[in-house]
Amino acid sequence: MQAVLYVSHGSRVKETRDEAMAFMEQVHQKVDVTLHETCFLELASPDIGEGIDSLVKQGATAIAVVPVLLLSAGHYYEDIPDEIKKSVLRYPDIRFTYGKPLGVQDRLVEILAERLQETTVERLPEAKILLVGRGGKSSEITRSVEEIAAKLAVKANVPNVEVCYLAAAAPSFDEGLQASINSGSNQIFVVPYLWFTGLLVKSMQKKINALSSDDQQVILCGYLGDHPSMVDALAERTQEALQSEQQLAW
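Quick note, our numbering runs 9 ahead of the 1-based positions in the sequence shown.
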């Protein structure tokens, strides 16, 4: 029996975990597979091994592992495959296939443009737009975020969109935000390229609240969340993983 295992990042914040679980339920409504589980990379349960165990106990003979990730980084190339490898050794008769992160997609850039509009704050001609990525050590991450920023600049009809990162890449969020403030612009829109809420979003909001003033507005836009295009994008990645002919084996 075919099954799907969605692998989300994980968080200590219950709201984030609940949000991820509810999102995956929406995705699953678009996927014609009876068995499915959501697990987490870290900071929450079940983990990948536990998710696979649960599916096997329910009768799974084939499992499509779908990373709930925006971009390809260490989690995609190392952490998730390492955990799958352990399960392959435990369940040599199970067929495992592996999906892809969402990657750079125009429809996701459309969501970012919508998030800018949803602030209901009239954007001044000189406004700065700061795109905030999660970050990672891979140059693939920074190239992707820069490509997204360039696409957003076209969509938002601005000369450029600056980028910064919350971890493991430069400039950091603090550096990017301070540079935007130092530019003297009266208005700064901070656009998080993050899937779900959590400590990162809360930390960003706290810093922005401390720096925003009557003379210089700093506005935090909404994260990607459960926008219908996000649901469609992950459902498509799930279908690709289900139809993959390449079986994972070590």
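A virtual CB, placed ideally from N, CA and C, is assigned to each residue, including glycine.
Here the alpha carbons of ASP91 and GLU155 stand approximately 29 Å from one another. Shortest Cα-Cα distance from ARG26 to any of ASN166, THR47, GLN35 involves THR47. THR206 counts as buried, since no fewer than 16 other beta carbons sit within 10 angstroms of its beta carbon. Distances from the alpha-carbon of ALA177 to those of ALA162, SER194, ILE150, LEU186 put ILE150 closest. Annotated three-state conformation of LYS146 is coil, per DSSP. When Cβ pairs closer than 8 Å are counted between the two stretches, the stretch 71–81 is seen to touch the stretch 140–150, the count reaching three or more. Taking a contact as a CB-CB distance under 8 Å, the pair VAL75 and TYR15 counts as one, their CB atoms being some 5 Å apart.
In terms of Cβ geometry, ALA71 and ILE103 form a close pair [threshold 8 Å]. LYS137 sits in a strand when the DSSP states are folded into three classes. In the three-state reduction of the DSSP assignment, THR247 falls in the helix class, which pools H, G and I. Annotation: the continuous alpha helix (DSSP H) that includes ALA219 extends over 208–220.
Per the Cβ contact rule, the stretch 161–176 is not in contact with the stretch 94–110 (fewer than 3 Cβ pairs under 8 Å). Taking C-alpha positions only, GLN214 is separated from LEU186 by approximately 12 Å. Contact between the stretch 242–250 and the stretch 118–136 is absent: fewer than 3 CB-CB pairs across the two stretches fall below 8 Å. Bridge pairing for VAL172: LEU140 [DSSP].
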